[in-house]
Every structure is written in structure tokens, then in C-alpha cells.
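This report concerns only the one structure given below.
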Amino acid sequence: MIISEKKKAAQAIAEALGPVQTISVSKYVKVFHVKSKSQDIYVIPLRGHIQQYINSPAYKKWNARDPREIITNSNAIQRIPNDYAGPYISALKKYAKICTNCVIGTDADVEGCSIGMMDALPFVTQVNPSIKIMQIWLNDLQKNSIVQAYNNLIPPKWSWAYSGEARAILDAVIGFSATREVSLTLKPILNKINVRFTSIGRVQTSLLYLLYLRENLIRNFVSKPFWSISADLAIKDRLIVATHVKNNFSDKNLAESIYDKIKDAKDAYIMSIKKSSKKILPPTPLNTSKALVLITKNLKITAKLALKTLEDLYLNKIISYPRTDSDVFSKTYDHLSILQKFMIHNNYGSYVKTRFQQKKVIPRQGKIDAGDHSPITPLISLEPSSPKFENDLQKKVYNLVVRSYLALFGDPAEESDTKVLFSINEEEFVSRLSVLTDQGFYSIAPFLAKKYDAPLVFFDQLSTGKKTDQTDSTKKAPLGSLPVKKINLREKETQPPPRYNDTSLLKLMERKNLGTKSTRPSIIQILIDRTYIERKNRMIFVMELGFLLIDALKIIWLPFLDPKFTSNVEMQLETIRNGKKLMKDVVKDVKDEFLILFDKFRKEKPNFLSKMNVLEQTGNITRGRNNQIISNKKNPVPNKTSPNPSKKAKYSTALCPNCNKNPMKLVISRDYTKKFFVCESCNTFLSLPKKGTPKILKSKCLICGFDAVKIIRKGQNNSFEYYLCPKCWNQGLKDKTNEGFCSKCKEYSIENGKCIERKINP
DNA sequence: GCAAGGTC
Numbered sequence: 001m002i003i004s005e006k007k008k009a010a011q012a013i014a015e016a017l018g019p020v021q022t023i024s025v026s027k028y029v030k031v032f033h034v035k036s037k038s039q040d041i042y043v044i045p046l047r048g049h050i051q052q053y054i055n056s057p058a059y060k061k062w063n064a065r066d067p068r069e070i071i072t073n074s075n076a077i078q079r080i081p082n083d084y085a086g087p088y089i090s091a092l093k094k095y096a097k098i099c100t101n102c103v104i105g106t107d108a109d110v111e112g113c114s115i116g117m118m119d120a121l122p123f124v125t126q127v128n129p130s131i132k133i134m135q136i137w138l139n140d141l142q143k144n145s146i147v148q149a150y151n152n153l154i155p156p157k158w159s160w161a162y163s164g165e166a167r168a169i170l171d172a173v174i175g176f177s178a179t180r181e182v183s184l185t186l187k188p189i190l191n192k193i194n195v196r197f198t199s200i201g202r203v204q205t206s207l208l209y210l211l212y213l214r215e216n217l218i219r220n221f222v223s224k225p226f227w228s229i230s231a232d233l234a235i236k237d238r239l240i241v242a243t244h245v246k247n248n249f250s251d252k253n254l255a256e257s258i259y260d261k262i263k264d265a266k267d268a269y270i271m272s273i274k275k276s277s278k279k280i281l282p283p284t285p286l287n288t289s290k291a292l293v294l295i296t297k298n299l300k301i302t303a304k305l306a307l308k309t310l311e312d313l314y315l316n317k318i319i320s321y322p323r324t325d326s327d328v329f330s331k332t333y334d335h336l337s338i339l340q341k342f343m344i345h346n347n348y349g350s351y352v353k354t355r356f357q358q359k360k361v362i363p364r365q366g367k368i369d370a371g372d373h374s375p376i377t378p379l380i381s382l383e384p385s386s387p388k389f390e391n392d393l394q395k396k397v398y399n400l401v402v403r404s405y406l407a408l409f410g411d412p413a414e415e416s417d418t419k420v421l422f423s424i425n426e427e428e429f430v431s432r433l434s435v436l437t438d439q440g441f442y443s444i445a446p447f448l449a450k451k452y453d454a455p456l457v458f459f460d461q462l463s464t465g466k467k468t469d470q471t472d473s474t475k476k477a478p479l480g481s482l483p484v485k486k487i488n489l490r491e492k493e494t495q496p497p498p499r500y501n502d503t504s505l506l507k508l509m510e511r512k513n514l515g516t517k518s519t520r521p522s523i524i525q526i527l528i529d530r531t532y533i534e535r536k537n538r539m540i541f542v543m544e545l546g547f548l549l550i551d552a553l554k555i556i557w558l559p560f561l562d563p564k565f566t567s568n569v570e571m572q573l574e575t576i577r578n579g580k581k582l583m584k585d586v587v588k589d590v591k592d593e594f595l596i597l598f599d600k601f602r603k604e605k606p607n608f609l610s611k612m613n614v615l616e617q618t619g620n621i622t623r624g625r626n627n628q629i630i631s632n633k634k635n636p637v638p639n640k641t642s643p644n645p646s647k648k649a650k651y652s653t654a655l656c657p658n659c660n661k662n663p664m665k666l667v668i669s670r671d672y673t674k675k676f677f678v679c680e681s682c683n684t685f686l687s688l689p690k691k692g693t694p695k696i697l698k699s700k701c702l703i704c705g706f707d708a709v710k711i712i713r714k715g716q717n718n719s720f721e722y723y724l725c726p727k728c729w730n731q732g733l734k735d736k737t738n739e740g741f742c743s744k745c746k747e748y749s750i751e752n753g754k755c756i757e758r759k760i761n762p
């Protein structure tokens, strides 16, 4: 028997080893049977980890035992099968009974070894203690690689498996103990703001700390004025901008004196022209991180949706396996057959044909060979109209993947940079032009290019016409001149560092080695779900709960918050993998290290609590999902905790129909059971339907002028949405007329989210 | 009720 990490790998292994028959062992699990001359091989797929750590029964209730014991008592956690593991375990046991050899064929990485040897193998040896155990080390799933690896089986890499096991234990121990301790400490405060717990984890809390640091910089940023001087110069009907070489000026007087000196100048004398050009190599192959960055950046979607879309394309056999760290293809990778599929593609075909004509069919390679999976490539050629795409987003993601892949075979691009020095009334100005002179691979992947200036021959002619030595431009006669259209003196302000978005956050996590290719998008989502952070206009804001939590924790737990904690843990795990240390010693060391921090937290609890009490004092309110106010049920109060008051929503809700003073606020309780509009000055309420999630539309009801609202009802099988006007609806409740539903409105209807006059059917 | 890591 061969144990594989997933269905796709199981199938690939089986098909490489001989003719395959599939056996359904349950509704969802198929085993691949290879009948060769000498032996029967059964390849059993898993679904990633099939076991996980949870607290043992005695520790299940949060108040039953001291959270500290989760660190000190190794029996506080236990490994149990995941809820979906049943059929996989049955299959493992069934074939373990009839097999003489068990080959671990999970992914060739630490988690793969852990899945094979720690999650799956115990069920095998349980029913067949004498089974012989080996491992197949697969660097890719190409047929010849599999056959070669199968003929060269290795002894199981136990040290790799133990490294993964230690990771799982430490994450559970640290996460469970700290989450409980901090949550229980904050319980009175959390109750008041309708938050159930505050999660703490090796990765998420480090990430939150980094976001906190940026948030702090932004909140405390004091902008300073500075002045910049520029000149608009005319070349026929085109304008170019030259900036003063001493920009920017912090001294207003100096800037003004220079401006006064040149403001009426008529000519800018060209003193020197320097040209250079450089080649830009095609991109390197896509691994998961690069793909997520590419997709979130170009399609402006979240990391989570980007990964989900890649997974969907993979499951529909449109692209290759999307979870890989490698950006290097194996030498034998069959690029020709992929390229050939695109020869007749409407959009990519002509580019691909040119590649074949010029015999340029070798891709640019990257540097990381993680030994897991090949970089991400398309598997088939699809026109945008193909019914294989389930939605528009899949088309767009596919387009980016295909073009990025085809770009690997492209020619280098070339850009030319021109630096021109001007003299305007003896003040030096500079202008830089960057022009793309050879498109190269940008023709297939234009989204990879930076912004270039439009070509301009003017300076080329000038510099070729008068060849001069450029060593000292100030004393030379000018090469020519350009009319000055305008001299600008602009007062500007220094800007705070930018907020993170999903793209820059993924890059940050990669740089700091936080999370893995597969977990990064979900870690971001966890911080959002915990109402530690929120996403608005694709930017990340740290909310009050997250901000204060880190603000209070940083005094006590800096060693844990710093990403160095994770890197240190990973270094220790590495010593297990390379056999320098035993798992039990590393687990003990890290537990001891964390126990010191845990006890420090206990000692400093009063300080921590008093810092967190601010949360209550600044308003017993926190900002929740969709930027709605999550409030204390009894007493909704205005939101005083907006992280950036200057960033007010452009759209405001209708004024209170009772007092006409304030816009109404939509309030949704944390558990989504209470939803209503409230006026914060006169306490007027407008109720909303009990079921479904309300969303304010950017359109007013044409009958009463109140905001139209969409109600989204999500069910297991049938999701639907409908529209209503809260004011009309409440009136309808009062009068028992059942009015207020937009679908029943005779005069108007909602089209594309807007209340418009109803179209009359002829 | 909790983590992070796999995978459908």
C-alpha cells in the first residue's frame, strides 16, 4: 500500500506504476489499484491531515482546570481524527490487513511526513504490526520521476515527521493556554462589548503586532510641510516636468527666494543629456506566494478569494497544483506540450507561434526548489467563452496565470532612461524620462510592466546632433532650449506610511516568515473574524480591540509578539528535522520558554487589565464586520472609536425620520440576532426582519427618502436576497398593510441596487 | 469557545 496526501497525487502515483483500477471504498474515497506482474499496489489518498490536536476531556471546559496546566501537563491535549477522517481510516485499515509493505507517499516536506507517519501510519500498524514501512520521496508527479523514486524507496524520514509533530503540539499548547488565559482575564470587559474570546497564536498574534506597529505609526504621524519647485516645459504640444535638483525644500524662505528668482523665466537651457538603457528579464515561474501577490494586486480581491479561485481552477483540472513553494521547473518538465495547446488560442496564439518560430521554448527559472510541487502552470488552453469557467473571476485568474506562464518564454524587454539637466536662470533642474523601447515579454504580460513615459525623440536628436563631453555641464554652452510654460512652487505635506492591503500584507508575511503558502490568507481572515482588524476599501485598519490588546500585551510579551519568536521556534524545529535534537527535548524547551512568559503575564495581570479597561471607557462599543457598529444590546451609543476620524464614509444614511437631526445608524449585534436602525440623538428605532443580513444600498427609497436595504438570506441549499425600505416596512408593520417590500411596490423597483421607476410591462 | 497546518 502507498499512502498519499491527496487524491490527485494518489492517482498520479498509481498511473505511473501501471494500469489502474479505481475501487470506491466509500462515497467520497477512492483507492487506486495497480495490478502489475509481480504485485498488487493499492494507493490510498488522504485529505491532508486526518488528525488534529484538541484539549483532552478533562480540559475541555475553560474553567475546569487552570490554563497553565495546558503547558505543564502533557496530557492536557490529545490527538483525535478529524470529523471527515472516518472513510480514510477505514481504507487505511482495510488495505493494511492485506498488504505486506506500506510506502509513505505523502508530500516531500515536513507536514507531508507528519501526515503520513503521525496521522495515518498508526492506523496501519494497529491492524498489521509487522508491515514493512518505507517511504517514496517524490519531487514532482511526472511519470518518470515517480517510477524512479519507486525503484529507490528510502527508509521513512522519522525526524521530519517528528518536526511536524512538535510544531502541531507547540501551536496547540501555546494557542490554547494563552487564548484561555487572556480571554478569561478580560472576560468582564469582553462581555460588555459582546466579544466571546480573544485568540492568541504563534502566527496570528505576531502578525497583529506588526499591523499594530504600522497602525501606531499612522495614528501618531505628524505631517510636516515641505516645498517643491518644478517647471512645466513645452516640447511642441507636449509638456514635460523638470524638478529643481535641490527638491524638496524644508526651508520655506529658501524655496520662495528661488521661486522669485525664476518665476518669470522664459527659457530652460538644456545643459546635458544622459541616456542609458537596460534589459529587463522575463519574470520567474509562479509559486503560491507570487501568484497570490499577482492576483490580489491586479484583480483587487482578497488573498482568501485569490487562493480559493486558484484551488477551484485546479480542481477543475484547468491549472496545476496551486500550493507550491517552488519557482523552478525540473529539467524534464514537458513545456512543449503545454505551449502547443495554446498555438491556436485567440488571444495567446500568435505570441506562442512566434516562440516556436524563434525556437524560444525554454522558460526562465527561479531560485527556490522546495522539492514539493512544480510552479503553477495552465494545463489546458481555454478561450474566455469556455463553459469550463464557473465565473468571471476564474477567467481573470486563469488569464493572469497563463500570461505569466507564457511570459517565462518571452524575450527580455528593454527600457531607455533619459536624464536631462536644465538651467533656468542659473537654477538647475532635472527631468527623467523612462521609455519602453522593446516590449519583449511585456507583450504577453503587460500587467507586469511599470508605467512608462510616451516615447520622445526630441532629446535623442539633440544628443546625437551635438556630441559633447558631459563632465561639467554648468560651464558648457547649452545644447538647446525649451520654452518655460510655468514655474510651480507647491507646498506639500509629508505622508504617513501607507496602510497594508492584502498584497502588501502577503509580502510582509513572506518576508517575516509568518504562516505558510496555504495558511496566510486564512490567518488574515482570522484577525478579521476576531474583530482585531478590518478591511475597508481594501486597506487594513487595526480596530480598537486589536490595538488595545497589543498595546497592553507589548509591555509583558514583547518576546512572544515579535516574529523572532516564530523564527526561533522554527529553528528549533529544524534541529529535530536534521537529527540534532529529539522532539521531546525541543517541545520541553519551547514549553519552558513559553511558561516563563505565561507566568509573567499572570504577574502583570493587574497592569494589563487596567490598560484594557480603556476599551470600556472609550465607549462600550467596538467596530464589527462590515464596519457596522456592534453594540451593547441595551444601550447603543455613538461610535467614538473610529481609528481615523478623517476617513469618513462618503455616503451617509438618511436623517432620523423623527428628529431629523442625525443620520440613522445600522446596528447589528455580535451574534446577528438583533438588527435595527437607531437615531443616536432621540433614540428612535426602526426594526428590521429577524432573519437575514441587512446591507444598506447606496440608493434612497423614492417614496419616503429613507435608505433602501438589501436583506441577504443564506441557507444551506437556497440562498436568496430581497429588498425593503425600513421606514416604509415599519410603517407597514404598524398599519398591518405589509408594505415596504420593494418587490411589492407598484411604482418603483430595485434595479442594480438602485430604486428606480418600475418598468411597465406592455 | 481556543492554534496552525494540511486538504475537497
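The UniProt record's numbering puts the first residue of the first sequence at 1, with every later residue one more than the last. Just so you know, even glycine gets a beta-carbon here, dropped at the ideal spot from N, CA and C. On a predicted model such as this, the values are computed, not experimentally measured, just so you know.
Sequence-distant residues of its chain with Cβ nearer than 8 Å to residue 772 (five each side left out): In the structure as shown, the chain begins at 1 and stops at 762. Residue 772 is therefore absent and cannot be evaluated.
Boundaries of the beta strand (DSSP E) in which VAL709 is found, first to last residue: The residue labelled residue 709 in the question sits at position 709 within the first sequence. DSSP places VAL709 in the uninterrupted beta strand (DSSP E) bounded by 707-713.
Same chain only: Cβ atoms within 6 Å of LYS396, ignoring 5 sequence neighbours per side: Locating residue 396 in the first sequence gives position 396, where the first residue counts as 1. Close CB contacts of LYS396 within its chain, under the 6 Å cut and outside five residues either way in sequence, are with LEU299 (chain order).
Is ILE104 near GLY116, with beta carbons less than 7 Å apart? Looking up residue 104 in the first sequence gives position 104. Looking up residue 116 in the first sequence gives position 116. Cβ atoms of ILE104 and GLY116: closer than 7 Å.
Looking at C-alpha atoms only, which residue of ILE235, LEU514, TYR59 and GLY349 is the closest neighbour of ASN568? On the first sequence, position 568 is the one that residue 568 refers to. If you compare the alpha carbons of ILE235, LEU514, TYR59 and GLY349 with that of ASN568, the shortest gap goes to LEU514.
Where ILE696 sits in the DSSP three-state scheme: In the first sequence, the residue the question calls residue 696 occupies position 696. The answer is strand: DSSP assigns ILE696 an E or B state.
Using 8 Å for Cβ pairs, my map puts LEU448 next to ALA477. What's the rounded Cβ distance? Here residue 448 refers to the residue found at position 448 when the first sequence is read from its first residue. Here residue 477 refers to the residue found at position 477 when the first sequence is read from its first residue. Rounded to the nearest angstrom, the Cβ distance from LEU448 to ALA477 is 43 Å, too far for a contact under 8 Å.
Range covered by the beta strand (DSSP E) that runs through PHE197: By one-based count along the first sequence, residue 197 stands at place 197. Note, PHE197: premise wrong, no beta strand (DSSP E); not H, not E.
Restricting to Cα atoms, I'd like to know which of LEU382, LYS275 and VAL361 is closest to LYS341. As a first step, residue 341 must be located in the first sequence, where it is residue number 341. Between LYS341 and the set LEU382, LYS275 and VAL361, the nearest pair of CA atoms involves LEU382.
Tell me ILE41's beta-bridge partners as DSSP assigns them. Counted from its first residue, the first sequence places residue 41 at position 41. Paired residue(s): VAL34.
On the three-pair Cβ rule with 8 Å, is the region 223-232 touching the region 535-553? By the Cβ criterion, the region 223-232 is not in contact with the region 535-553, since fewer than three pairs of Cβ atoms, one from each stretch, lie closer than 8 Å.
Label SER257 either buried or exposed according to how many other C-beta atoms from any shown protein chain fall within 10 Å of its C-beta, with 16 as the threshold for buried. As a working note, residue 257 is residue 257 in the first sequence. Classification for SER257: exposed.
Starting from the N-terminal side, write out each stretch of the beta strand (DSSP E) that is 3 residues or longer and does not extend beyond the region 500-571. Within the region 500-571, the beta strand (DSSP E) runs of at least 3 residues that lie entirely inside it are, in chain order, 533-536 and 539-542.
Buried or exposed by the 16-neighbour rule on C-beta atoms within 10 Å, applied to THR437: As a first step, residue 437 is located in the first sequence; it is residue number 437 there, counting from the start. The residue in question, THR437, is exposed, as its Cβ has fewer than 16 Cβ neighbours within 10 Å.
ILE200 beta carbon less than 7 Å from that of ILE13: For the purposes of this step, residue 13 is identified with residue 13 of the first sequence, where counting begins at 1. For the purposes of this step, residue 200 is identified with residue 200 of the first sequence, where counting begins at 1. At the C-beta level, ILE13 and ILE200 stay beyond 7 Å of one another.
Assuming LEU421 contacts MET271 (C-beta within less than 8 Å), just tell me the rounded distance between them. Position 421 of the first sequence, counting from 1, holds the residue named residue 421. Position 271 of the first sequence, counting from 1, holds the residue named residue 271. Between LEU421 and MET271 a beta carbon distance of about 5 Å is seen, short of the 8 Å cut, so the two are scored as contacting.
Taking DSSP's pairing of strands, which residues face HIS244 in a bridge? What you label residue 244 is simply residue 244 of the first sequence in a count that begins at 1. PHE429, per the DSSP bridge assignment.
On a Cα-Cα basis, can you pick out the residue from ASN683, GLN148 and PHE676 that is closest to ASN660? Sequence index remark: in the first sequence, residue 660 carries index 660 (1-based). Looking only at ASN683, GLN148 and PHE676, the smallest Cα-Cα distance to ASN660 is reached by ASN683.
Whole runs of the alpha helix (DSSP H) within the region 260-346, excluding any shorter than 4 residues: Listed in chain order, the complete alpha helix (DSSP H) runs (minimum 4 residues) inside the region 260-346 are 288-299, 303-315 and 335-341.
Could you pull out every residue in the same chain whose Cβ sits closer than 7 Å to the Cβ of LYS143, ignoring the five residues on either side in sequence? Position 143 of the first sequence, counted from the start, is the residue given in the question as residue 143. Cβ-Cβ distances below 7 Å link LYS143 to ALA16 in the same chain, with the five nearest sequence neighbours on each side left out; the list follows chain order.
Helix, strand or coil at MET118 according to DSSP, with G and I counted as helix: Counted from its first residue, the first sequence places residue 118 at position 118. The answer is helix: DSSP assigns MET118 an H, G or I state.
Could you check the C-alpha separation between VAL173 and THR288 for me, to the nearest Å? On the first sequence, residue 173 is found 173 positions in, with the first residue counted as 1. On the first sequence, residue 288 is found 288 positions in, with the first residue counted as 1. In this structure, the straight-line span from the alpha carbon of VAL173 to that of THR288 is close to 29 Å.
Could you give the DSSP three-state label for ASN639: helix, strand or coil? By one-based count along the first sequence, residue 639 stands at place 639. Per-residue confidence for ASN639 stands at a pLDDT of 37, beneath the threshold of 50, marking its modelled position as unreliable; the derived number appears in the next sentence. ASN639 falls in the coil class under three-state DSSP.
Quick one: give me the first and last residue of the beta strand (DSSP E) that ASN730 is part of. Residue numbering aside, residue 730 sits at position 730 when the first sequence is read from its first letter. Premise fails: ASN730 lies in the alpha helix (DSSP H), 726-735, not in any beta strand (DSSP E).
Roughly how many angstroms separate the alpha carbons of PRO643 and VAL542, rounded to a whole number? Walking along the first sequence from the start, residue 643 turns up at place 643. Walking along the first sequence from the start, residue 542 turns up at place 542. Only weak support exists for where PRO643 lies, its pLDDT of 39 falling under 50; the value from the coordinates is given anyway. Their Cα atoms are separated by approximately 8 Å.
Option in ASN216, ILE41, LYS35 and VAL110 with minimal Cα separation from GLY371: Sequence index remark: in the first sequence, residue 371 carries index 371 (1-based). Closest option to GLY371, Cα to Cα, is VAL110.
Kindly indicate the opening and closing residues of the beta strand (DSSP E) around ARG490. Reading the first sequence from its first residue, position 490 is the one you call residue 490. Bounds of the beta strand (DSSP E) holding ARG490 are 480-493.
Beta strand (DSSP E) segments (min. 3 residues) lying fully within the region 119-155: Runs of the beta strand (DSSP E) inside the region 119-155: 132-135.
Exposure of ILE344, with buried meaning 16 or more beta-carbon neighbours within 10 Å: Counting from 1 along the first sequence, the entry for residue 344 is found at position 344. Taking all protein chains in view, the Cβ of ILE344 is surrounded by fewer than 16 other Cβ atoms within 10 Å, so the residue is classified as exposed.
Could you check which residue in SER434, ARG403 and LEU92 has the C-alpha nearest to that of SER4? Within the first sequence, the letter at position 4 stands for residue 4. If you compare the alpha carbons of SER434, ARG403 and LEU92 with that of SER4, the shortest gap goes to LEU92.
Own chain, CB closer than 6 Å to ASP417, minus 5 neighbours either side, in chain order: Within the first sequence, numbered from 1, the residue matching residue 417 stands at position 417. The answer, listed in chain order, is SER276 and SER434.
Quick one: grab the DSSP three-state call for CYS742. Stepping through the first sequence from its first residue, residue 742 is reached at position 742. When DSSP states are grouped into helix, strand and coil, CYS742 belongs to the helix group.
Cβ shell of ASN501 (< 7 Å), same chain only, five flanking positions each side left out: As a first step, residue 501 must be located in the first sequence, where it is residue number 501. Cβ-Cβ distances below 7 Å link ASN501 to ARG538, MET539 and ILE540 in the same chain, with the five nearest sequence neighbours on each side left out; the list follows chain order.
Just the C-alpha distance for ALA454 and LEU307, rounded to the nearest angstrom, thanks. Stepping through the first sequence from its first residue, residue 454 is reached at position 454. Stepping through the first sequence from its first residue, residue 307 is reached at position 307. Whole-angstrom Cα-Cα distance: 36 Å.
Range covered by the beta strand (DSSP E) that runs through CYS102: On the first sequence, residue 102 is found 102 positions in, with the first residue counted as 1. For CYS102, the uninterrupted beta strand (DSSP E) segment begins and ends at 101-105.
Check ASP417 in the structure and name its three-state DSSP category. Counting from 1 along the first sequence, the entry for residue 417 is found at position 417. DSSP places ASP417 in strand when its eight states are reduced to three.
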